[in-house]
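When you read off a place in the sequence shown, starting at 1, and then add 2, the result is the number in this note's numbering.
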Amino acid sequence: MKRTFLPALGLLATLLCTLTASSQVPRGGHPFWEADLSNLEVQHMPAIDLEALQAADAVTDLVKSAPWRFGEEFDVNLGLEHGQWSSENGVSVWRAVIEASEALAMSVRFSEFYVPKGAKVFLWNREHIEFIGGFDHRNHKDWGGLATGLVAGQALVVELQVPLGLEDACALRIDQVVHAYRDIAGKAA
Numbered sequence: 003m004k005r006t007f008l009p010a011l012g013l014l015a016t017l018l019c020t021l022t023a024s025s026q027v028p029r030g031g032h033p034f035w036e037a038d039l040s041n042l043e044v045q046h047m048p049a050i051d052l053e054a055l056q057a058a059d060a061v062t063d064l065v066k067s068a069p070w071r072f073g074e075e076f077d078v079n080l081g082l083e084h085g086q087w088s089s090e091n092g093v094s095v096w097r098a099v100i101e102a103s104e105a106l107a108m109s110v111r112f113s114e115f116y117v118p119k120g121a122k123v124f125l126w127n128r129e130h131i132e133f134i135g136g137f138d139h140r141n142h143k144d145w146g147g148l149a150t151g152l153v154a155g156q157a158l159v160v161e162l163q164v165p166l167g168l169e170d171a172c173a174l175r176i177d178q179v180v181h182a183y184r185d186i187a188g189k190a191a
């Protein structure tokens with residue numbers, strides 16, 4: 003019995019190390035989420051046809067080999083030109099707000115994600131309930147981007163904190179926004 007247990011334990015350890023190495027690992031810190039967002043332009047995602055999505059899901063959920071869909075993906079092209087810079091707490095801060103009406107949660111995929119050492123990216127909901135990040139230079143991927151996890155709510159704030167003078171060293175471009183209309187546990191919205 004020990005012989006079969008030890009190789010299985012080794013396989014599990016290898017799998018966990020592989021998953022950790024390829025995942026989005028937050029590197030600490032907190033967003034400055036007490037900021038006034040009233041002057042920021044909101045990037046609105048198109049409305050979804052929830053009834054049509056639920057009807058399609060009712061069919062594909064019966065097919066065990068079909069992936070379980072929880073959200074609608076929107077192709078976008080949002081970069082640093084779509085947000086606003088400010089100076090807060092001794093650092094430069096860039097923010098953009100993305101809204102998807104009636105979304106349970108949202109996530110983004112950065113097609114470009116490059117921040118210098120000392121900079122961090124956070125995603126937080128406008129209700130100040132939840133955030134993910136800080137993602138920093140250690141989150142750079144070989145493919146140049148970064149896919150994030152979900153943040154609850156229908157308005158997502160993307161925040162970049164960067165040391166003063168290093169603003170031009172940053173490259174962020176969001177090419178996809180996911181509007182989650184079902185929760186991750188599979189319950190109908």
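We put the beta carbon where it would ideally sit given N, CA and C, even for glycine.
Membership of Val61 in the alpha helix (DSSP H) is indicated by the continuous run Leu52 to Thr62. Secondary structure in the stretch 124 to 155: the beta strand (DSSP E) runs of 3 residues or longer, each lying completely within the stretch, are 133 to 137 in chain order.
Taking 8 Å as the upper bound for CB-CB distance, Pro33 and Val93 are not in contact here, some 12 Å apart.
The secondary-structure analysis by DSSP pairs Gly73 across a beta bridge with Ala182. Proximity of the stretch 131 to 139 to the stretch 70 to 86 falls short of the contact definition, fewer than three beta-carbon pairs being nearer than 8 Å. A Cβ-Cβ distance of about 18 Å is found for the pair Gly81 and Val180, leaving them out of contact under the 8 Å criterion. Within its own chain, the residues whose Cβ lies closer than 7 Å to the Cβ of Glu104, once the five positions on either side in sequence are excluded, are Gln156, listed in chain order. Nearest Cα to Asp77 within the set Asp185, Ile186, Arg184 and Arg175: Arg175. A straight-line Cα-Cα distance of about 6 Å links Gly151 and Ser109.
Going by DSSP, Ala157 is part of the beta strand (DSSP E) stretching over Ala157 to Pro165. In this structure, the straight-line span from the alpha carbon of Val99 to that of Leu158 is close to 6 Å. Leu106 is positioned such that its CB atom lies no closer than 8 Å to that of Ala60.
DSSP places Ala98 in the uninterrupted beta strand (DSSP E) bounded by Val93 to Glu101. The Cβ atoms of Gln163 and Val95 sit closer than 8 Å to each other. In the three-state DSSP reduction, Leu39 falls in the coil class, being neither helix nor strand. Put simply, the backbone Cα of Val160 is about 34 Å away from that of Ser67. Rounded to whole angstroms, Asn79 and Arg128 show a C-alpha spacing of 21 Å. CA-to-CA, the gap between Val123 and Gly146 works out to about 15 Å.
Excluding the 5 residues flanking it on each side, Thr62 has same chain C-beta neighbours closer than 6 Å at Ala68, in chain order. For His84, no beta strand (DSSP E) segment is defined, and its DSSP state is neither H nor E.
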